[in-house]
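Residue numbers (our numbering), protein chains in the order written: chain A, 2 to 402; chain B, 45 to 461.
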Ligand code: SF4
Ligand code: SF4
């Protein structure tokens, strides 16, 4: 069986190239006009977007570096000036591309005038953006959303809410932008619409066979990360959802012969994304759910967008403890009727990965399904031991025959 | 006393305290409000890395958890931390500690775990309010978990112990810059360890005794005024008025880094041929300088008595939780917080002002904050015209021979300049 036969290509994914082109174009345009911000993936982007600030995502750029299989080279540029190879490879890739744009994919990201970091995904973003600031001279704004130990407390909401006020002030003094409530509400609505459509597509994967596989979701999530708040983003998710719905109606699966349904945990190895998941597809293994693409789940409420931003963005998946992660995995396994799970232990992402060993135990105990941990990295292929991973995956799959 | 003996000694002191009925709560982050724990009748004890620990983390943490957390976790897994009645973890400082606390909860479900979440922003009133609320929660949790209520008198006493400790240590730190023979770096950091292992008035008295002696020494050799100016400058992060010390020791270095054990540095330096820890003018480590140079916690004395006529006006007091939060957030910024530019500017100023010949930049494996910051610190040193050495140092001092070799070569190189 060839790879093509095992795996069905999504029609709507063809639009992705167009969207990413448009996104890049907007980024360059904003940079030329002196209003471009680099933002972290979990940043409440509705605010800069409503203030007409252009945004690009270094994490997405890291994925591009990974997918182009030049991770070791571009990360290496950062290592050459002293950044340890143990650091987040998204960070290394972006630093490397700033140092040597002409040798990096797309010649790097357009030059930023501001750097917006929100630590609701990890603490590394703060350090990373500080390093980028040293190299680009763009000032950093940190929206501090301290990790939640238990439920979000009123003083936490208040603190983040003040952070949002400071953000607005920072953008107006740094970039001369202004914010009106109408614009924010309008942007929040568009953002929520896209997120809702995205969530519907994710939920549709409860169907058997699943209409979307892991790689489909990893690729089609790009606009919901980078273009939330834009009409073309909503349009894309309408098209995607239509295709997903029709696949479900007609019983068409993302892979041709779905025998085993697994959960994927963590970021994917971008340099292996097709090879790995299509290889699994050939063995009848589908991934109807994953923790990564389900992370973009909170929609900003239009009636009180400021407080809503403070709560939604503080309650992101990675800003909570292991208990919340285990709960999420348990629910995904039960709701999507999954047979097991693969946890990708990403060496350079401590926030997502440390704790997986105990989470694996908790999840198996609660759901009764087996899981395995494979180790590697999302961008840096030097850290990916294919043979070792193959052995682990084989051992897991043997449990289902 | 060797590094190993000092560790042994600290462990012994904790066991003695536990035997006598003290409830000891271990903590891992240098900016823990220890006066709050003391006011609840607990003994706060800084959990230190142990170089001789046998690995015990493998079933729970991947190898890319930082060297510090692996060491501490292994100590717990191997049953080395049994004298502790609970552990206080920080939240929102670094990704490793954030997750390791959760793993700990799961692996050792019988342990009493407390957590304080810190703001990552530099000092703002909103950050103070946030942290004050976190301290209030901590206090409530301690009361519930250990059935020990807070007492205002105890809090005032504890704050005065901690303030006296900081003030005396700040002077000792500054004094060494002008006369490193007055007190060795090893002695300085062992006094620090003694206090942080089990803080009480008797240790402060011991430190105060050295404080008085060394003030006399500096008075005699004419450096007292300069040391006082430096102490004040270090406390506010402004060294404009600082007088550059005469280059009596050559070469001298500053050691910078995060959660690196100062005693390990002293031990490595003292092991080098023909070198003593006098060469260390100052450290900027989390468990050293950054702990010590926390300003006073301004809590009103419990029994104020009658104010004498004509006495100096009292400082303005705010609630105790806010006062503790403010003190913590005024401490020198950690690499886990925002403020890289403030840190690098301060470092540049420091290197120039205190007339050192080299900078040693420590980093522990898989410590994101250290590893992210190191290139910027090197750059800052370069701008100040001071050579620097990247020094990868793990708690187990696993590569000790090579580390010593690198440091010796570095010192020889800068000594020749
Ligand atoms: S450390 Fe992890 S969560 Fe943080 S930016 Fe890197 S990949 Fe993302
Ligand atoms: S700051 Fe560094 S050494 Fe300390 S716990 Fe975090 S990662 Fe480990």
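Just so it is clear, CB atoms sit at the ideal spot from N, CA and C, and this is done for glycine as well.
What residues from the segment 144–163 of chain B come within 9 Å of chain A, judged by C-beta to C-beta, listed N to C?
Going along the segment 144–163 of chain B in chain order, one finds 144, 145, 146, 147, 149, 150, 151, 159, 161, 162, 163 with a Cβ nearer than 9 Å to chain A.
Can you tell me whether residue 92 (chain A) sits near ligand 1, meaning its C-beta is under 7 Å from at least one heavy atom of the ligand?
Result yes, Cβ under 7 Å from ligand 1.
Tell me whether residue 71 (chain B) sits in a helix, a strand or coil according to DSSP, three-state version.
Strand.
Given the structure, does residue 88 (chain A) come close to ligand 2, in the sense that its CB is under 7 Å from one of the ligand's heavy atoms?
No, ligand 2 has no heavy atom inside 7 Å of this Cβ.
Is residue 315 (chain A) helix, strand or coil when you go by DSSP?
Residue state, collapsed to three classes: coil.
Can you pull the chain B neighbours of residue 147 (chain A), defined as C-beta to C-beta under 8 Å?
Per Cβ cutoff of 8 Å: 135, 136, 161, 162, 163, 164, 174.
Going by alpha carbons, who is nearest to residue 1 (chain A) out of A:125, A:123, A:95?
With chain A represented from 2 up to 402, any question about residue 1 (chain A) goes unanswered, as that position is not in the structure.
Please classify residue 280 (chain B) as buried or exposed, where buried requires at least 16 other C-beta atoms within 10 Å of its C-beta.
Under this definition residue 280 (chain B) is an exposed residue.
Cβ-heavy atom distance between residue 302 (chain B) and ligand 3 below 7 Å?
No copy of ligand 3 occurs in the structure displayed; its ligands are ligand 1 and ligand 2 alone.
Find the residues of chain D that neighbour residue 335 (chain B), judging by a C-beta separation of less than 8 Å, and give them in chain order.
This model lacks chain D altogether; the protein chains it does include are A and B.
What do you reckon, are the CB atoms on residue 206 (chain B) and residue 87 (chain B) nearer than 8 Å?
For residue 206 (chain B) and residue 87 (chain B), no; Cβs fall outside 8 Å.
Can you find the residues in the same chain that come closer than 8 Å, C-beta to C-beta, to residue 123 (chain B), ignoring five residues on each side of it along the sequence?
Contacts found: none.
Report the residue from B:58, B:458, B:406, B:441 whose alpha carbon sits nearest the alpha carbon of residue 244 (chain B).
Ranking B:58, B:458, B:406, B:441 by Cα distance to residue 244 (chain B) puts B:58 first.
Ligand 2 heavy atoms versus the CB of residue 141 (chain B): any closer than 7 Å?
Result yes, Cβ under 7 Å from ligand 2.
Does any CB atom of chain B fall closer than 8 Å to the CB of residue 386 (chain A)?
No - not a single Cβ of chain B is within 8 Å of the one on residue 386 (chain A).
Can we count residue 352 (chain A) as close to ligand 1, meaning its CB is less than 7 Å from some heavy atom?
Flag set: Cβ of residue 352 (chain A) near ligand 1.
Measure the CB-CB distance between residue 294 (chain A) and residue 327 (chain A) and report whether it falls below 8 Å.
Not closer than 8 Å, so no.
List the residues of chain A whose Cβ lies closer than 8 Å to the Cβ of residue 103 (chain B), in chain order.
Residues of chain A passing the Cβ test: 358.
Taking the alpha-carbon positions, what's the residue 264 (chain A) to residue 281 (chain A) distance?
Whole-angstrom Cα-Cα distance: 13 Å.
Suppose you measure from the CA of residue 129 (chain A) to the CA of residue 63 (chain B); what does that come to, to the nearest Å?
Looking at the two C-alpha atoms, the distance is approximately 47 Å.
Could you tell me the distance, in whole angstroms, from the CA atom of residue 345 (chain A) to the CA atom of residue 358 (chain A)?
Cα to Cα, residue 345 (chain A) sits roughly 11 Å from residue 358 (chain A).
So is residue 396 (chain A) in contact with chain B if we call contact Cβ pairs under 8 Å?
So, not an interface residue.
List in chain order: all unbroken alpha helix (DSSP H) runs of 4+ residues lying wholly within the segment 29–116 of chain A.
Within the segment 29–116 of chain A, the complete alpha helix (DSSP H) runs of at least 4 residues are 47–51, 59–68, 72–81, 90–100.
Less than 7 Å separating the Cβ of residue 123 (chain A) from some heavy atom of ligand 1?
Answer for residue 123 (chain A): yes, Cβ within range of ligand 1.
Does DSSP classify residue 343 (chain A) as helix, strand or coil?
Correct three-state label for residue 343 (chain A): strand.
Does chain B have any CB closer than 8 Å to the CB of residue 132 (chain A)?
It does: the Cβ of residue 132 (chain A) has a partner Cβ on chain B nearer than 8 Å.
Interface residues of chain A around residue 380 (chain B) at Cβ under 9 Å?
Within 9 Å Cβ-Cβ: 124, 127, 128.
Taking 8 Å as the CB-CB cut-off, is residue 170 (chain B) touching chain A?
Chain A contact via Cβ: present.
Below 8 Å between beta carbons: does that hold for residue 342 (chain A) and residue 391 (chain A)?
Not in contact: residue 342 (chain A) and residue 391 (chain A) (Cβ atoms no closer than 8 Å).
With a threshold of 8 Å, are at least 3 pairs of Cβ atoms found where one atom belongs to the segment 312–320 of chain B and the other to the segment 445–460 of chain B?
Verdict: yes, contact present.
Can you find the residues in the same chain that come closer than 8 Å, C-beta to C-beta, to residue 48 (chain B), ignoring five residues on each side of it along the sequence?
So the qualifying residues of the chain are 95, 96.
Taking C-beta to C-beta, are residue 264 (chain B) and residue 215 (chain B) nearer than 8 Å?
Not a contact, by the Cβ cut-off of 8 Å.
Would you kindly work out how many angstroms separate the C-alpha atoms of residue 4 (chain A) and residue 402 (chain A), rounded to a whole number?
Legend: pLDDT at residue 4 (chain A) = 44, less than 50; position of this residue unreliable, no value from coordinates given.
With DSSP run on the structure shown, which of helix, strand or coil describes residue 148 (chain A)?
Correct three-state label for residue 148 (chain A): coil.
Would you say residue 43 (chain A) faces chain B, with C-beta separation under 8 Å as the test?
Taking Cβ atoms only, chain B never reaches closer than 8 Å to residue 43 (chain A), which makes this a no.
Can you tell me the Cα-Cα spacing of residue 283 (chain A) and residue 376 (chain B), whole angstroms?
Approximately 56 Å between the Cα atoms of the pair.
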